[in-house]
Amino acid sequence: MAYSKWEAALTANYETTVSWRRYLHEHPEPSFEEWETRAFIAKTLKSFGYSEIQENVGGGGIVAYLRGKKAGPTIGFRADFDALRIQEATGLAFASKNPGVMHACGHDGHTATLLSVAKVLADFQESLSGTVKFIFQHAEEVLPGGGKSMVEAGVLDDVDYVYGLHLRSPLEFGKVTYCSGYAMAAPDFFEIKIQGKGGHAAHPDATVDSVLVASYVVNQLQSIISRQKDPMKSGVVTFSTLKAGDGAYNVIADTAFLKGTVRTFAPELRDLIEEKISSMTKSICEAHGATCEVTYTRGYPAVYNHEEETKLLAELFTETFGEASVEPTPLRMGGEDFAYYLQEKPGSFFFVNSGNKEKGIIYPHHHPKFDFDERALLLGGKCFLSIVDHYLVDKQKKTIKETVSNQ
Ligand SMILES: [Zn+2]
Ligand SMILES: [Zn+2]
């Protein structure tokens, strides 16, 4: 069995994988500025014997090919490698050495995992029927994201199926999860500037109170969610910032600023919310004698996992890890630029739970104390290997399955 040999090699490489993760964690770089990280990935891939490496793909991405001896499909595996502008507070021995920057989303883990898979498979290249394309992506965390530009640069042109993983803390380590159809939301952002007319707090009749108008906007716009959208479709409108006035008791504020985010899955709901935020804000302001500027910025599309490929993952992972370790997960309101890959080619984005209460790994992603159980590196690597085993080795078994399901 090819897979069991690969699994043994992956396990043997665990300590090294951990050391890669810790190196990356110690040297985090923010989105679009990942110079050292990129050099490290390219250098490490070359040390495994990879000769077909493309750098600066779509800006800052790195791609490596592993071509098997025989013909077969090309499977794309993606790992992101950017960090966040967060001051780390974990107290870990390998904590960030770059002030104000931290791997607080686990992308150090994604990259170390995929490097490990690349190392293991390089030693078994001869036995593969088809190609594994390793896609290391810069700038997942900041718009417009590296995924879009890599896809636009044609990174998936020669790929048949594409897969990616995300660690999930603090969900307790031990499970791999999948989600068919919509899995993660489209995260959009908006800014509203309300221009009133300032003046004395004792004479509101001579002013246009921007604070009052902003309050109406905050209140009324929630009716998009409660009264105007299809109740069967999920959506969120959140105001995260409201600023007006300079702290005085006796001054009516001239201007108010609002900021927030919108989360949706269905494209038509996204269109509706974008339109309503603009038109309702304008009407409310007009009714009260204020004017406004509304800026709406679209983030990544929603992550849509293809049904057939997700079903395949569920089967493969169950076969590999047993039923108790694999389960479906509900869709979530966070965003991911892996969405662009799945708009282009069939595939699925899956999750490896990586929290550990006992070890104090209890913080969510993007938290200054975020961490993950490093055993997730091994579990994630096994997931990728089982996918390769299915597409590039286990032909006979696949044919039998197809024959049976076609009858
Ligand atoms: Zn993140
Ligand atoms: Zn992330």
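Its first residue numbered 2, the sequence shown is counted upward by one per residue in this note's numbering. Note that beta-carbon positions come from the ideal geometry of N, C-alpha and C, so glycine has one too.
Beta-carbon contacts of residue i that lie in its chain and below 8 Å, excluding the five residues immediately before and after
{"i": "V394", "result": "A3, Y4, S128, L129 and S130"}
{"i": "E310", "result": "Y162, Y164, P347, G348 and S349"}
{"i": "T321", "result": "Y4, K383, C384 and S387"}
{"i": "V219", "result": "F240, L243 and L259"}
{"i": "D124", "result": "A10"}
Residue i Cβ short of 6 Å to ligand 4 heavy atom set
{"i": "H289", "result": "This structure lacks ligand 4; the ligands present are ligand 1 and ligand 2."}
Span separating the alpha-carbon of residue i from that of residue j
{"i": "R228", "j": "T262", "result": "19 Å"}
{"i": "G59", "j": "C286", "result": "42 Å"}
{"i": "K230", "j": "L270", "result": "7 Å"}
{"i": "A187", "j": "Q126", "result": "38 Å"}
{"i": "V121", "j": "W21", "result": "15 Å"}
{"i": "S279", "j": "M103", "result": "36 Å"}
{"i": "L11", "j": "Y301", "result": "33 Å"}
{"i": "G382", "j": "I193", "result": "44 Å"}
{"i": "H419", "j": "V237", "result": "Because residue 419 is not part of the residues shown, which for the chain are 2 to 408, the question remains open."}
{"i": "D247", "j": "N357", "result": "45 Å"}
{"i": "F49", "j": "A9", "result": "17 Å"}
{"i": "A203", "j": "Y217", "result": "21 Å"}
{"i": "K134", "j": "G92", "result": "36 Å"}
{"i": "E173", "j": "A245", "result": "42 Å"}
{"i": "R264", "j": "M281", "result": "18 Å"}
{"i": "D210", "j": "S284", "result": "16 Å"}
{"i": "G361", "j": "T114", "result": "22 Å"}
{"i": "A43", "j": "E53", "result": "11 Å"}
{"i": "Q55", "j": "S150", "result": "15 Å"}
{"i": "T45", "j": "L116", "result": "8 Å"}
Proximal residues to residue i (C-beta, below 6 Å), its chain only, five neighbours per side dropped
{"i": "Y183", "result": "F266, A303, Y305 and L332"}
{"i": "F351", "result": "L166, Y179 and L314"}
{"i": "Y15", "result": "L379"}
{"i": "T242", "result": "K260"}
Close-in-space but distant-in-sequence residues of the same chain around residue i (CB under 7 Å, 5 per side omitted)
{"i": "R299", "result": "D189"}
{"i": "D390", "result": "A3 and Y4"}
{"i": "A140", "result": "S32, F33, G61, D83, G146 and G147"}
{"i": "L157", "result": "G77, V163, Y342, E345 and K346"}
{"i": "G175", "result": "S326 and N354"}
{"i": "P329", "result": "T178, Y179 and C180"}
{"i": "F339", "result": "R79, G148, G165, V304 and F350"}
Residue i: CB within 6 Å of a non-hydrogen atom of ligand 2
{"i": "C106", "result": "yes"}
Near ligand 1: residue i beta-carbon under 6 Å from a heavy atom
{"i": "E142", "result": "yes"}
{"i": "H368", "result": "no"}
Cβ of residue i within 7 Å of any chain D Cβ
{"i": "F350", "result": "As a matter of chain content, chain D is missing from the structure shown, which is built from one protein chain."}
Check: At what residue ranges does the stretch 331-378 contain a whole run of the alpha helix (DSSP H), taking only runs of 4 or more?
Finding: Taking only runs of at least 4 residues, the alpha helix (DSSP H) segments lying wholly in the stretch 331-378 are 340-345.
So within the stretch 15-50, which uninterrupted alpha helix (DSSP H) runs reach at least 4 residues, ignoring any that extend past its ends? DSSP runs (the alpha helix (DSSP H)) wholly in the stretch 15-50: 15-27 and 36-48.
- With a floor of 4 residues, list each alpha helix (DSSP H) that falls wholly inside the stretch 72-137, ordered by position along the chain. Restricted to the stretch 72-137, the alpha helix (DSSP H) segments that are unbroken, complete and at least 4 residues in length are 108-123, listed in chain order.
Complete runs of the beta strand (DSSP E) confined to the stretch 180-239 [at least 3 residues]:
Fully enclosed beta strand (DSSP E) runs of 3 or longer: 182-185 and 187-196.
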